[in-house]
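Below is one structure, written out as structure tokens, with a few remarks after it.
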Amino acid sequence: MIGQILSALLPAIITIMLGYFAAWHHDFSQSEVPTLNRMVMTYALPLALFVGVFSAGREDLLADIPLLVFLLLAIVGTFVLVLLVAIFVFHHPPGLSALRALMASGPSTAFVGVPVLGSLYGATSNIPIAAGGIIIVIFLLPATLVLLGLDAARNDQAAKGAGSATTAAPQHIDVPGTVLKSLKQPIVWLPAAGFLLVLLDLELPKVVERSMSLLGHSSSGVALFAAGIILAGYKVTLSAPVLVLVFIKNVLQPAVVCFGMLALGYGQPLLGQTVVTTALPAVALVVMLAVQYRTAIPEAASALLISTFGSLLTMSLFIWLVT
36 MIGQILSALL
46 PAIITIMLGY
56 FAAWHHDFSQ
66 SEVPTLNRMV
76 MTYALPLALF
86 VGVFSAGRED
96 LLADIPLLVF
106 LLLAIVGTFV
116 LVLLVAIFVF
126 HHPPGLSALR
136 ALMASGPSTA
146 FVGVPVLGSL
156 YGATSNIPIA
166 AGGIIIVIFL
176 LPATLVLLGL
186 DAARNDQAAK
196 GAGSATTAAP
206 QHIDVPGTVL
216 KSLKQPIVWL
226 PAAGFLLVLL
236 DLELPKVVER
246 SMSLLGHSSS
256 GVALFAAGII
266 LAGYKVTLSA
276 PVLVLVFIKN
286 VLQPAVVCFG
296 MLALGYGQPL
306 LGQTVVTTAL
316 PAVALVVMLA
326 VQYRTAIPEA
336 ASALLISTFG
346 SLLTMSLFIW
356 LVT
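For the numbering used here, count along the sequence shown from 1 and bump the result up by 35.
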């Protein structure tokens, strides 16, 4: 079990460390992170998510409705609860709250799920991997992008108002325009198009799938490498928000899912697939979004690193509990 988890997580950890070393060795600088980020967010990751969603197949997805329902409740439920607490209890800005909610709820199915779930469940692992990706892309990502976009628009207006010599009334924020701009990003509409094609039971020619996969396969490595570069520019933050978010993602979310499913009488393989999927570390996408919107960059990078290292222990525990 330890060997399986190490074989799955060590590549991610080593890639982050290589990025850290590259920045420390002055091969890459912080100014180059936005370029890497733009490549991942605009091309590589949308293609990877599109192919991953499309490869699931409609019959397999419909055959595992209980798995989809439990993952939907676990991931979206955690996201909504953290978002509401951050906004209404701690009064954080909506964009920062959404980013933190994504840190606490989104499992790294696209980056870490393939080797972990593949080694445990074989061919059937495609369903929880695809389901996790679909839920993040269809529900979590659009909400996070919209709230981050609204925060960015509000901050831009505030900066313009502060730089103006006049004290004109605050301008109205174009909410529909900001929402539309967020939804037009390739990382939202391309995987959503893949999900629609799956529901229509359309097939993607293998040559097209292989062509799109070539660049898509680079997304996880580049994202984690960029996270290492970011960490080299900032100290790892062991703040209360980081530790709480990592605890929710690595421990609380899979624990609630595990005991809830056991109480309802569910067993293998549904129990194991659902719990292990939610026990995956935080998705590297949070660092990409933090860089893109210049929001909580050290916090996002620190949470990703701590969640990834910590999952060596927490995933071992949950795999032992459900096997």
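C-beta: ideal position from N, C-alpha, C; glycine also.
Quantities reported herein were computed from a predicted structural model and do not represent experimental measurements.
Residue(s) in a DSSP beta bridge with residue i
i, result
"residue 317", "142"
Residue environment, residue i, which counts as buried when at least 16 other CB atoms sit within 10 Å
i, result
"residue 100", "exposed"
"residue 182", "buried"
"residue 288", "buried"
"residue 238", "exposed"
"residue 327", "buried"
"residue 135", "buried"
"residue 302", "exposed"
"residue 203", "In this predicted model, residue 203 has a pLDDT of only 45, less than 50, meaning its place in the structure is not dependable; the value taken from the coordinates is given anyway. So residue 203 ends up on the exposed side."
"residue 201", "Note that residue 201 scores 49 on pLDDT, short of 50, meaning its location in the model is unreliable and no value can be drawn from it."
"residue 358", "exposed"
"residue 186", "buried"
"residue 230", "buried"
"residue 168", "buried"
"residue 70", "exposed"
"residue 129", "buried"
"residue 81", "buried"
"residue 271", "exposed"
"residue 342", "buried"
"residue 233", "buried"
"residue 240", "exposed"
"residue 166", "buried"
"residue 63", "buried"
"residue 321", "buried"
"residue 66", "exposed"
"residue 353", "buried"
"residue 41", "exposed"
"residue 298", "exposed"
"residue 275", "exposed"
Where residue i falls: helix, strand or coil (DSSP)
i, result
"residue 342", "helix"
"residue 331", "coil"
"residue 125", "coil"
"residue 220", "coil"
"residue 271", "coil"
"residue 177", "helix"
"residue 308", "helix"
"residue 238", "coil"
"residue 302", "coil"
"residue 63", "coil"
"residue 349", "helix"
"residue 50", "helix"
"residue 201", "Any answer about residue 201 is weak, because its pLDDT of 49 lies below 50 and its placement is not dependable; what the coordinates show is given next. Note: residue 201 maps to coil in three-state DSSP."
"residue 337", "helix"
"residue 253", "coil"
Cβ of residue i within 9 Å of any chain C Cβ
i, result
"residue 313", "No chain C is present in this structure, which holds just one protein chain."
Inter-stretch contact (C-beta, 8 Å, three-pair minimum) for the stretch 112 to 122 and the stretch 82 to 93: Flag = no, the stretch 112 to 122 and the stretch 82 to 93 do not touch.
Those runs of the alpha helix (DSSP H) which lie wholly inside the stretch 65 to 113 and span at least 4 residues: Listed in chain order, the complete alpha helix (DSSP H) runs (minimum 4 residues) inside the stretch 65 to 113 are 68 to 74, 80 to 89 and 93 to 98.
At least three beta-carbon pairs within less than 8 Å, the stretch 274 to 286 to the stretch 69 to 88: In short, these stretches do not touch, since the Cβ pair count stays below three.
Sufficient close CB pairs (3 or more, under 8 Å) joining the stretch 225 to 244 to the stretch 165 to 172: Contact holds: three or more Cβ-Cβ distances are below 8 Å.
Given 8 Å, three or more beta-carbon pairs between the stretch 304 to 313 and the stretch 247 to 265: The answer is no - the stretch 247 to 265 does not touch the stretch 304 to 313, with fewer than three Cβ pairs under 8 Å.
Segment contact flag, the stretch 45 to 53 with the stretch 258 to 265, C-beta cutoff 8 Å, min 3 pairs: A contact exists between the stretch 45 to 53 and the stretch 258 to 265.
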